[in-house]
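**Student:** Below is a structure I'd like to ask you about.
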Amino acid sequence: MTDFSFLFDLEMQLHSFETRSSEQKISKLLSLDFFEFGSSGKTWTRKEILERLPTEPQESTIQSSDYKATQLADHIVLVTYVSRRTKNDSSSTEFLRSSIWRKNETGWQMVFHQGTPKS
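Position in the sequence shown counted from 1, then plus 7, gives you the numbering used here.
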């Protein structure tokens, strides 16, 4: 069985302010056909993510755990995990996360992401 833990590292890069504040770094990780079902219920396109994330102030940190990888097909992997967003006022919220990663000629890129508030 293939070890896909390197995809967990790519997910964690997207949690870091350093990556989130850089359109160039985000664009390397998101495929051209990327879209997201956000935890807010909104659907986000790649273009919207590239416009929005770099302008967000650093008002919270994201920690993640319980990573699992399931190979769906050659060069396609589903990653699931739990994340916790902690705001500067110490309030926090947990989410169930899932992402689909696809390997292409430039490497691994995320094609889909979903966040669901954890009850």
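Don't be surprised by glycine CBs; every beta carbon is placed ideally from N, CA and C.
Entirely within the segment 14-39 and at least 3 residues each: give me those beta strand (DSSP E) ranges in chain order.
**Tutor:** none
**Student:** So within the segment 62-125, which uninterrupted beta strand (DSSP E) runs reach at least 3 residues, ignoring any that extend past its ends?
**Tutor:** The qualifying runs are 67-80, 83-94, 99-111 and 114-124.
**Student:** Could you check where the beta strand (DSSP E) with Thr52 kicks off and where it finishes?
**Tutor:** The sequence position of residue 52 within the sequence shown is 45, counting from 1. Thr50 to Thr52 is the extent of the beta strand (DSSP E) around Thr52.
**Student:** To the nearest angstrom, report how far apart Ser29 and Ser38 are at their CA atoms.
**Tutor:** Working through the sequence shown from its first residue, we reach residue 29 at position 22. Working through the sequence shown from its first residue, we reach residue 38 at position 31. Near 16 Å, if we compare the C-alpha coordinates of Ser38 and Ser29.
**Student:** How many Å lie between Pro64 and Thr87 at the Cα?
**Tutor:** Walking along the sequence shown from the start, residue 64 turns up at place 57. Walking along the sequence shown from the start, residue 87 turns up at place 80. C-alpha separation (whole angstroms): 26 Å.
**Student:** Using only the alpha-carbon positions, how far apart do Leu14 and Trp115 sit?
**Tutor:** Within the sequence shown, the letter at position 7 stands for residue 14. Within the sequence shown, the letter at position 108 stands for residue 115. One C-alpha to the other measures close to 8 Å.
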